[in-house]
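J.: Shown below is the structure under consideration.
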Amino acid sequence: MSINALLYQIVTIIFVITTFLFWIWAAFRLMRHVPAITNKLGLGETPGIILAVFALWPLFSLTYQLFRFFLPS
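Quick note: the sequence shown uses numbering that gives the first Met the number 0, first residue 0, plus one each step.
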């Protein structure tokens with residue numbers, strides 16, 4: 000394995016980890032605010048939690064696709 004390939008993999012792993020941590024941060028923010036909004040609308044917290052999970056699913060699948068695209072199998 001050449002130095003360039005190793006450096007490319009290290010930079011890619013750092014990028015994917017940073018992206019994943021951003022999604023986790025966004026998930027915590029969304030899971031805190033969306034149920035509060037639905038509760039204020041009189042719907043309770045459960046629909047807000049379900050909505051937040053559905054909204055975050057594409058973000059986690061994007062992170063998985065980044066791993067598959069950038070890192071060789």
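C-beta atoms are modelled at their ideal positions from N, C-alpha and C, and glycine is treated no differently. Quantities reported herein were computed from a predicted structural model and do not represent experimental measurements.
Would you decide whether threonine 37 is buried or exposed? Buried here means 16 or more other CB atoms lie within 10 Å of its CB.
T.: Against the sequence shown, residue 37 aligns to sequence position 38. Answer is buried; the Cβ neighbour count reaches 16.
J.: Mapping the DSSP letters down to three states, classify glycine 43 as helix, strand or coil.
T.: Translated into the one-based positions of the sequence shown, residue 43 becomes position 44. Coil, per DSSP.
J.: So the candidates are Val10, Phe59, Ala35, Asn3; which of them puts its Cα closest to the Cα of tryptophan 24?
T.: Numbered from 1 along the sequence shown, position 25 holds the residue referred to as residue 24. The option with the nearest alpha carbon to tryptophan 24 is Phe59.
J.: How about threonine 18 and threonine 62: are their beta carbons less than 8 Å apart?
T.: Stepping through the sequence shown from its first residue, residue 18 is reached at position 19. Stepping through the sequence shown from its first residue, residue 62 is reached at position 63. Closer than 8 Å, so yes.
J.: Excluding sequence positions up to five away, which residues of its chain have a Cβ less than 7 Å from the Cβ of alanine 54?
T.: The residue labelled residue 54 in the question sits at position 55 within the sequence shown. Same-chain partners within the cutoff: Leu29.
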